[in-house]
Amino acid sequence: MTDKKYKRVRVTAGNRGWGGPLIIAPEEGKDLIYSVTGGGIHPLAQHIADLTGGTAFDGFKSKAGFDEIAVAVIDCGGTARVGVYPMKGVLTVEIHAIKPSGPLFRFIKETNFVSGVGIEQVELLED
Amino acid sequence: MIKYQATITAIGPYVAEFIDHSILVLFGDQAPEELAEFAILHDGKELKGSLSVGDTVYLGESSYSVLAVGDVANDNLKNLGHVIIRFNGETEPEMPGDVCVQKKPLPEIEPGLEFRIEEG
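Going down the list, the protein sequences come from chains A and B.
Reminder that position 123 of the first sequence reads as 123 in the numbering used here, one-by-one numbering, no gaps.
If you count the second sequence from 1, you need to add 127 to reach the numbering used here.
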């Protein structure tokens, strides 16, 4: 009966973005909305946390296990963060509209990565 | 004018894979562990002036002219000590986080090596 604690969202690629859509479904023990962005928790991560009931988390301030992360929100714009979280099996939402490239390209799939994401690309799913 | 100055403190176990692609990924030493695996960590703190085309990147004694600066490269460096340097000779950044510099051999990347960006 604890299922109602969390809601799900669908995240789609924005203009010139790539990948997705991803369904973000936090659950007990795996509810972190993991913001790996400059300047604290990104508003997009906070927005996803607010909609889903997940916990916004600053990846540069504290440490969490990958199995606790419902989604990683990044503003990488490049080559490193874009591949690390998909490689670790973590769903990844990239704010910048980029297509995957770089040495970690092989880990990035439409099923674990979506880019060009803003507030408008996050849709609450009613059960 | 020196825009950024740092000393390399640690090299992640997967850095070599990026070096094979002529890419260096730098992060400030507060980076989470999963990023540190792929990164060259350093103790740089402050970006004193925006990085721009025509600046020079130094790795120890080796120098590289900056040919292109992506739209988010300065924010990354300022906020996270993070920069992606591609030693590819390109004048257009492929990704918004990229800094492209001259295509020249890299020195041995090891802790203690100085990383510096100078104007002009």
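Even glycine gets a Cβ: it sits at the ideal position worked out from N, Cα and C.
Values in this document were obtained by computation on a predicted structure and should not be read as measured data.
Against A:Phe-60, the close residues of chain B are Gln-157, Ala-158, Pro-159 and Leu-207, in the order they occur along the chain (beta-carbon pairs closer than 8 Å).
At a cut-off of 8 Å between C-beta atoms, B:Asp-225 counts as an interface residue with respect to chain A. The beta carbon of A:Val-9 sits closer than 7 Å to the beta carbons of Ile-24, Ile-48, Leu-51, Thr-52, Val-122, Glu-123, Leu-124 and Leu-125 from its chain, once the five residues preceding and following it are set aside; these are given in chain order. When C-beta distances to chain B are compared with 9 Å, the residues of the segment 64-76 of chain A below that value are Ala-64, Phe-66, Asp-75 and Cys-76, in chain order. The alpha-carbon separation between B:Ile-135 and A:Lys-4 amounts to approximately 48 Å.
In the three-state reduction of the DSSP assignment, A:Thr-37 falls in the coil class. Of all residues in the segment 184-199 of chain B, those with a C-beta nearer than 9 Å to a C-beta of chain A are Gly-197, Asp-198 and Val-199, reading in chain order.
When the beta-carbon positions are compared, A:Ile-33 and A:Val-71 come within less than 8 Å of each other. Flagged as an interface residue toward chain B: A:Arg-81, by a C-beta distance shorter than 8 Å. Positions of the beta strand (DSSP E) runs, each at least 3 residues long and wholly inside the segment 182-238 of chain B, are given as 183-186, 189-196, 210-213 and 225-228 in order along the chain.
Within 10 angstroms of the beta-carbon of A:Gly-83 lie 16 or more other beta-carbons, which makes it buried. Counted as a single uninterrupted DSSP element, the stretch harbouring A:Ala-72 is not any alpha helix (DSSP H) but the beta strand (DSSP E) occupying residues 69-74. A:Val-93 has a beta carbon lying at 8 Å or more from every beta carbon in chain B.
At a cut-off of 8 Å between C-beta atoms, A:Ser-115 does not count as an interface residue with respect to chain B.
For B:Gly-224, the closest C-alpha among the options B:Val-199, B:Phe-145 and B:Ser-192 is that of B:Val-199. Of the residues assessed, B:Leu-233 falls on the exposed side of the cut-off, its CB having fewer than 16 other CB atoms within 10 angstroms.
For the set B:Asp-202, B:Gln-229 and B:His-148, the Cα lying nearest the Cα of B:Gly-181 is the one of B:Gln-229. A straight line joining the alpha-carbon of A:Glu-94 with that of B:Thr-183 spans about 30 Å.
With contacts defined by Cβ atoms closer than 8 Å, B:Gly-171 and B:Met-128 do not form a contacting pair. Within 9 Å of the CB of A:Ser-35, no CB atom of chain B is found; the nearest one sits about 11 Å away.
A distance of 8 Å or more separates the beta carbons of B:Glu-221 and A:Ser-62.
With respect to the 8 Å criterion, B:Phe-145 and B:Leu-186 are not classified as neighbours on the basis of their beta carbons.
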